[in-house]
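In my numbering, the protein residues as written are 21 to 394.
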Amino acid sequence: TVVTYTKASSVAADRDTLTIEWGDGAFSKAPRVNGGGFGELLAFDIKLNYYVAVHTYADEGAYSVSMTDPNRNGGVLNVDFPNSINIPFHLQAEINVFADPGISNQSVVLLEPPIDLAQIGQPFIHIPNGFDPDGDSVAYEFITPMMGVDEPVPNYLLLTEVMPGPDNTLTLDPVTGQLTWASPQQEGEYNVAILVKSYRDGELFESTIRDMQILVMNLNNTFPSCLIDISQDEVVEVMVGDTVIVEVTATDDDVDQNLALSSTSGLYSSDYFDSPAQFSTSGGGNTAGGTMEWIVKPEHARHEPYLVVFKAKDDYLNMGYAAFALARFRAIDPNATAVDEVRAEIPELKLFPNPATDLLTLTTDAANLPAEYS
Numbered sequence: 021t022v023v024t025y026t027k028a029s030s031v032a033a034d035r036d037t038l039t040i041e042w043g044d045g046a047f048s049k050a051p052r053v054n055g056g057g058f059g060e061l062l063a064f065d066i067k068l069n070y071y072v073a074v075h076t077y078a079d080e081g082a083y084s085v086s087m088t089d090p091n092r093n094g095g096v097l098n099v100d101f102p103n104s105i106n107i108p109f110h111l112q113a114e115i116n117v118f119a120d121p122g123i124s125n126q127s128v129v130l131l132e133p134p135i136d137l138a139q140i141g142q143p144f145i146h147i148p149n150g151f152d153p154d155g156d157s158v159a160y161e162f163i164t165p166m167m168g169v170d171e172p173v174p175n176y177l178l179l180t181e182v183m184p185g186p187d188n189t190l191t192l193d194p195v196t197g198q199l200t201w202a203s204p205q206q207e208g209e210y211n212v213a214i215l216v217k218s219y220r221d222g223e224l225f226e227s228t229i230r231d232m233q234i235l236v237m238n239l240n241n242t243f244p245s246c247l248i249d250i251s252q253d254e255v256v257e258v259m260v261g262d263t264v265i266v267e268v269t270a271t272d273d274d275v276d277q278n279l280a281l282s283s284t285s286g287l288y289s290s291d292y293f294d295s296p297a298q299f300s301t302s303g304g305g306n307t308a309g310g311t312m313e314w315i316v317k318p319e320h321a322r323h324e325p326y327l328v329v330f331k332a333k334d335d336y337l338n339m340g341y342a343a344f345a346l347a348r349f350r351a352i353d354p355n356a357t358a359v360d361e362v363r364a365e366i367p368e369l370k371l372f373p374n375p376a377t378d379l380l381t382l383t384t385d386a387a388n389l390p391a392e393y394s
């Protein structure tokens with residue numbers, strides 16, 4: 021599945037199909053499947069598009085799956101300005117295919133849409149919220165946007181290189197993926213790309229790319245606040261059987277604003293969990309409240325923390341500005357057998373844990389062995 025967010029008013033650049041290159045020499049036409057084949061209209065002249073195709077590989081191995089659109093938006097300030105409309109838009113993902121059906125290799129899903137506005141002189145934040153269903157470790161880094169397979173766009177400028185100065189700073193948290201542009205200085209459109217990486221057994225396993233546009237405007241608007249009642253600075257450990265409640269409060273100093281409060285996390289998805297978490301909202305106008313409720317089940321237990329993103333967005337000029345809060349949880353099953361207990365019962369036991377996948381390989385030199393189990 022390829023997910024794109026495009027300019028709705030650009031009819032000439034609208035695509036009802038995309039061509040996917042599978043990395044083994046094969047190509048497929050992927051039709052747009054949402055909105056009756058026309059996509060889904062969102063706010064701010066944005067259209068959400070899902071393109072789906074299925075491919076069967078003849079051999080296991082590592083493959084680079086990609087798609088290329090011939091045009092980016094025109095006038096992007098940091099991509100070969102002023103010729104960005106002639107620069108292709110390219111996405112690619114590195115995947116692994118296994119013949120063994122017992123090896124799971126689901127790709128990272130980016131849950132937070134890249135559709136928020138930035139304002140001159142105000143902090144801009146984006147959190148892709150990558151969720152790995154296999155429990156692999158996820159990390160983030162900036163890369164140059166691409167125009168072809170392993171081919172970066174020409175004449176790319178970092179966001180901080182457009183009207184540089186001490187206030188124009190940019191950071192990316194490699195663990196949470198939070199992008200913070202402290203103070204955009206010039207109105208216009210920008211592109212930034214983030215490589216989202218999955219690690220298994222300490223090695224890079226798969227990756228995908230978020231290539232997103234940031235629209236900076238000169239607005240007379242202050243951003244709302246989004247506060248949660250737990251720490252944002254550490255991973256909160258919870259036990260199977262716990263009920264986790266997170267209260268969210270959003271406010272805006274402008275009484276004429278209407279706030280929308282939302283939350284994204286893999287924990288909310290019934291595609292991955294039989295007992296997903298729930299998020300509900302209340303209030304209206306320039307104040308809003310929300311509650312996340314999660315009953316921790318054995319299916320949730322894993323070493324890799326879950327990321328939960330909360331977003332409050334106002335409706336200034338029907339365009340809006342967003343504020344974020346995030347929480348991280350590690351779910352622990354207290355009924356799992358501790359390593360020390362296993363060592364005491366089985367002599368000369370060697371353990372090879374993989375905390376990212378919750379698998380444990382054991383070997384022992386006891387009588388009539390060794391034998392290996394996982």
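The C-beta atom is built at its ideal place from N, Cα and C for all residues, glycine as well.
- Closest by C-alpha distance to THR269, out of GLU257, ASP262, SER283, ASN211, is SER283.
- Collapsing the DSSP output to three states places HIS110 in a strand.
- Judged by pairs of C-beta atoms under 8 Å, the region 195–202 does not touch the region 46–64, as fewer than three such pairs exist.
- The beta carbon of MET183 sits closer than 8 Å to those of GLN205, GLN206, all from its chain and outside the five residues before and after it, given in chain order.
- In this structure, LEU279 sits near THR307, with a CB-CB distance shorter than 8 Å.
- DSSP, read as helix, strand or coil, puts GLU132 in coil.
- Of the candidates GLU80, ILE135, ASP335, the residue whose Cα lies closest to the Cα of GLN277 is ASP335.
- For PHE144, the uninterrupted beta strand (DSSP E) run begins and ends at 144–146, by DSSP.
- For ARG230, the closest C-alpha among the options ASP274, VAL255, VAL128, CYS246 is that of VAL128.
- Boundaries of the beta strand (DSSP E) harbouring GLN233: 223–237, taken from the DSSP string.
- The region 105–121 and the region 141–152 do not touch, with fewer than 3 CB-CB distances between them shorter than 8 Å.
- Apart from sequence neighbours up to five positions away, the residues of its chain that approach PRO318 with a beta-carbon distance below 6 Å are VAL260, ASP353, ordered along the chain.
- Residue LEU131 holds the alpha-carbon nearest to the alpha-carbon of SER289 among ASN241, LEU131, THR24, ASN103.
- In the structure shown, ILE105 falls within a helical segment according to DSSP collapsed to helix, strand and coil.
- DSSP places LEU190 within a strand segment (E or B) once states are collapsed to three.
- Between TRP201 and the set PRO153, LEU61, GLY340, PRO143, the nearest pair of CA atoms involves PRO143.
- DSSP lists no bridge partner for ILE250.
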